[in-house]
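Peer 1:
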Amino acid sequence: MATFSTNQFRPGLKILLDGDPYSIVENEMVKPGKGQAFNRVRVRNLKTGRVIDKTFKSGDTVEAADVIEIEMQYLYTDGEKWYFMNPSTYEQVETDEAGVGDAGQWLKEQDPCSVTLWNGLPITVTAQAFVELKIVQTDPGVRGDTSSGGTKPATLETGAVVKVPLFVQEGEVIRVDTRIGEYISRVGK
Amino acid sequence: MASSPSTVPAWQPTASLENLRRRAALAAEIRRFFAERGVLEVETPQLGAATVPDLHLASLEVRLDAPGLAPTAKFYLQTSPELAMKRLLAAGSGPIFQLCKAYRNGEAGARHNPEFTLLEWYRPGFDHHQLMDEMSELLGRTLGAPPAERQSYRELFLGRLGLDPLEAGREELSAALTAAEVPEPAGLDRDGALQLLLACALEPGLGWQRPYFLYDFPPSQAALARIDPGPPPVAQRFEVYVRGLELANGFHELADPLEQRRRFEADLEARARSGLPRVALDQAFLAALEAGLPACSGVALGFDRLVMLATGARSIDEVLSFPIERA
């Protein structure tokens, strides 16, 4: 089992804490005038995204987490599992609703996405920052209706619901920023 | 505004020339300060045949080949000039100071470089309070700081955390760490918990109005300080904080050769328990104590940190010509 000493800590290093994979965000050595030195470390849980602070005695070692992030192609979902393929090896991996998380609402079959693998299994999926998706349902815009701030909800082909301007119609393709879940523009035909 | 070190081409110094001039001016001021007081400037070896066995100091080893030495003789780059300077004191040097490089393996960060500069001085006949008086004057001269405030270790912990550091149980220290939102590492002993509280929960708030001197530490953290039997017994040790930065550590120096040998041997045992390399004990230093170290106090001040305070630098790299990444 690979281990890292606190002297090897740097941002981005993947370590195992209490059985979960974490990525180091910040690492600072603190040392009193005499006595034990410490590393105060901010780490992000790669499964939940939660950021927490930890303290280590300098010189302590922790287990390395076998974590890699690779570009994969989203294949399909059977409603229970989500299937992805490594386009260079054709190897397939699967994950569940929890593993795919928020990214699921933006994934269209064949789309590329970024998958974080821990011990070879997906723990998080990140959709591309910008995706183009078709509107499958939205009410016709009513001219002069400003009660909703000039927007209306639209359901996309992947099931996601975003706010779109009143002039955007059912059947149109729009560009969405998946990081904030917002409409950017219509995509010209 | 100096550009940040990361944007400077790799061959260039990370300190601005302005900071290097300030650094030189501070060194000159320190030499004038001690010359006026009749404190002798000395130099002692940076390569020593022995080193301190302190559990938390890692000495760098160097192999030497030279006429008169055993083949590939082992030497240690000194973590401070303390032991050699005490040999000079025992030889009758009177008050002495030194501005020199010191080396500590494993220490790097915003406030640490493995190779750094110490100002260390010793005052025969002074107790730690008299030495704190002189430290306060030095900080006035070099930083323009107002006279220091002083508080005992016990008063600080009682006042800020509501716990008595000499009496509190281990669980009480854990509760204080939790309350201060400082997560605790596994396997932390009682002194480690006190040190973590001091370094993370207390130190950042110390010395903002005026330099802050913290004195009379728990006897378990005496290092090379005398122990006042009390009650309660306390180690006659002090630390100096300015604007949240730990700047210096001083002792009313332990002069008892038997007690010194006992502490060194306890350190060696602790090193062995922790799987750390055994180090050679400094027999010349112990012999000097047996011959008689005059009653004295001594203090080591991180000179790079003094320059940081004088220039407003946030990182030690801003006051070093070439930190370890560029050495």
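Listed in order, the protein sequences are those of chains A and B.
For the first sequence, my numbering assigns the number 1 to the initial residue and increments by one for each residue that follows.
For the second sequence, my numbering assigns the number 1001 to the initial residue and increments by one for each residue that follows.
The C-beta atom is built at its ideal place from N, Cα and C for all residues, glycine as well.
Check whether the Cβ atoms of Phe1264(B) and Ser1297(B) lie closer than 8 Å to each other.
Peer 2: No.
Peer 1: If you count every other CB in all the chains shown that lies within 10 Å of the CB of Arg1170(B), and 16 or more means buried, which is it?
Peer 2: Classification for Arg1170(B): exposed.
Peer 1: Among residues of its own chain, excluding the 5 on either side of Leu1173(B), which ones have a beta-carbon nearer than 8 Å to its beta-carbon?
Peer 2: Cβ neighbours of Leu1173(B) beyond the five flanking positions: Leu1163, Arg1190, Ala1193, Leu1194, Leu1197.
Peer 1: Just the Cα atoms here: how many angstroms apart are Gly150(A) and Glu1181(B)?
Peer 2: One C-alpha to the other measures close to 45 Å.
Peer 1: Could you say which of Met1085(B), Cys1100(B), Leu1166(B) lies nearest to Gly1094(B) if we only look at CA atoms?
Peer 2: Comparing Cα positions, the closest option is Met1085(B).
Peer 1: Counting contacts by CB-CB distance shorter than 8 Å, is His1129(B) in contact with chain A?
Peer 2: Taking Cβ atoms only, chain A never reaches closer than 8 Å to His1129(B), which makes this a no.
Peer 1: Relative to the C-alpha of Phe1157(B), which residue among Pro1071(B), Pro1218(B), Gly1302(B), Leu1276(B) is closest?
Peer 2: The shortest Cα separation from Phe1157(B) among Pro1071(B), Pro1218(B), Gly1302(B), Leu1276(B) belongs to Pro1218(B).
Peer 1: Residues in the same chain with beta-carbon distance under 6 Å from Gln1236(B), minus the five sequence neighbours each way, listed in chain order, please.
Peer 2: The answer, listed in chain order, is His1128, Ala1225, Arg1226, Asp1228, His1252.
Peer 1: Do Pro195(A) and Gln128(A) have their CB atoms nearer than 8 Å?
Peer 2: There is no way to answer for residue 195(A), as the model of chain A reaches only from 1 to 189.
Peer 1: Using the beta-carbon of each residue, which ones in chain A are nearer than 7 Å to Pro1183(B)?
Peer 2: Neighbours of Pro1183(B) on chain A, chain order: Asp53, Lys54, Thr55.
Peer 1: For a cutoff of 8 Å on Cβ pairs, would you count Arg40(A) as touching chain B?
Peer 2: Cβ-Cβ to chain B under 8 Å: yes for Arg40(A).
Peer 1: Just grab the DSSP bridge partners of Arg1271(B) for me.
Peer 2: The partner list for Arg1271(B) (beta bridge, DSSP) is empty, contrary to what the question assumes.
Peer 1: Please determine if the segment 119 to 138 of chain A and the segment 164 to 175 of chain A are in contact, where contact requires at least 3 C-beta pairs separated by less than 8 Å.
Peer 2: Touching, yes, given that three or more Cβ pairs across the two stretches are closer than 8 Å.
Peer 1: Grouping DSSP H, G and I as helix and E and B as strand, with all else coil, what is His1252(B)?
Peer 2: Correct three-state label for His1252(B): strand.
Peer 1: What residues from chain A crowd round Gln1078(B), counting only those whose CB sits closer than 9 Å?
Peer 2: Neighbours of Gln1078(B) on chain A: none; closest Cβ ~16 Å, over 9 Å.
Peer 1: List, from N- to C-terminal side, the beta strand (DSSP E) runs of 3 residues or more that fit wholly inside the segment 66 to 130 of chain A.
Peer 2: The qualifying runs are 67 to 77, 81 to 85, 92 to 96, 112 to 118, 121 to 127.
Peer 1: Near Ala160(A), what residues of its chain come up, given a Cβ to Cβ distance below 8 Å and the 5 sequence neighbours on each side ignored?
Peer 2: For Ala160(A), where only same-chain residues beyond five positions count, the Cβ hits under 8 Å are Gln105, Trp106, Leu133, Val176, Gly181.
Peer 1: Below 8 Å, can you find three or more Cβ-Cβ pairs linking the segment 1115 to 1126 of chain B to the segment 1299 to 1316 of chain B?
Peer 2: The segment 1115 to 1126 of chain B vs the segment 1299 to 1316 of chain B: in contact.
Peer 1: How would you call Asp1216(B), buried or exposed, if buried means at least 16 neighbouring beta carbons within 10 angstroms?
Peer 2: Buried: at least 16 other Cβ atoms inside 10 Å.
Peer 1: Is it true that the segment 76 to 83 of chain A meets the segment 57 to 66 of chain A, where meeting means three or more beta-carbon pairs spaced less than 8 Å apart?
Peer 2: Short answer: they don't touch.
Peer 1: Does the pairing of the segment 1308 to 1324 of chain B with the segment 1106 to 1116 of chain B give three or more beta-carbon distances under 8 Å?
Peer 2: Segments in contact, yes.
Peer 1: Excluding the 5 residues preceding and the 5 following Ala1110(B) in the sequence, name in chain order all residues of the same chain whose CB lies nearer than 6 Å to its CB.
Peer 2: For Ala1110(B), where only same-chain residues beyond five positions count, the Cβ hits under 6 Å are Ser1315.
Peer 1: Beta-carbon of His1252(B) versus every beta-carbon of chain A: anything under 8 Å?
Peer 2: False, the Cβ-Cβ gap to chain A never drops below 8 Å.
Peer 1: What are the complete alpha helix (DSSP H) segments, minimum 4 residues, inside the segment 1051 to 1091 of chain B?
Peer 2: Here the runs fully enclosed are 1082 to 1090.
Peer 1: Do Val43(A) and Ala1199(B) count as a contact pair if the criterion is CB distance below 8 Å?
Peer 2: No, these two residues do not count as a Cβ contact at 8 Å.
Peer 1: So Ser23(A) packs on Lys14(A), CB below 8 Å; how close in whole Å?
Peer 2: Going by Cβ atoms, the distance from Ser23(A) to Lys14(A) rounds to 6 Å, so yes, they are a contact pair.
Peer 1: Measure the C-alpha to C-alpha separation of Ala1248(B) and Glu1239(B) and round it to an integer number of angstroms.
Peer 2: Going by the C-alpha atoms only, they are around 5 Å apart.
Peer 1: For Leu1258(B), tell me which candidate among Tyr1076(B), Pro1081(B), Ala1280(B), Leu1293(B) has the shortest Cα-Cα distance.
Peer 2: The shortest Cα separation from Leu1258(B) among Tyr1076(B), Pro1081(B), Ala1280(B), Leu1293(B) belongs to Leu1293(B).
Peer 1: Taking only beta-carbon positions, decide if Asp1228(B) is within less than 8 Å of chain A.
Peer 2: Not one chain A Cβ lies under 8 Å of Asp1228(B).
Peer 1: In chain order, which beta strand (DSSP E) runs of at least 3 residues are fully inside the segment 1284 to 1318 of chain B?
Peer 2: Correct list: 1296 to 1302.
Peer 1: For the candidate residues Leu46(A), Gly141(A), Thr126(A), whose alpha-carbon lies nearest to that of Ser114(A)?
Peer 2: Among Leu46(A), Gly141(A), Thr126(A), the Cα nearest to that of Ser114(A) is on Thr126(A).
Peer 1: Distance, Cα to Cα, Ala1025(B) vs Ser1136(B)?
Peer 2: Their Cα atoms are separated by approximately 19 Å.
Peer 1: Give the residues of chain A in contact with Asp1191(B), contact being defined as C-beta atoms less than 9 Å apart.
Peer 2: Residues of chain A passing the Cβ test: Gly35, Gln36.
Peer 1: How about Leu1309(B) and Leu1064(B): do their beta carbons lie closer than 8 Å?
Peer 2: No, they are not a contact pair.
Peer 1: Rounded to a whole number of angstroms, what is the C-alpha to C-alpha distance between Val155(A) and Ala103(A)?
Peer 2: It is Thr, not Val, that sits at residue 155(A) in the sequence shown. If you take the alpha carbons of Thr155(A) and Ala103(A), they lie about 16 Å apart.
Peer 1: Buried or exposed for Leu1214(B), going by 16 or more other Cβ atoms inside 10 Å?
Peer 2: By the 10 Å Cβ count, Leu1214(B) comes out buried.
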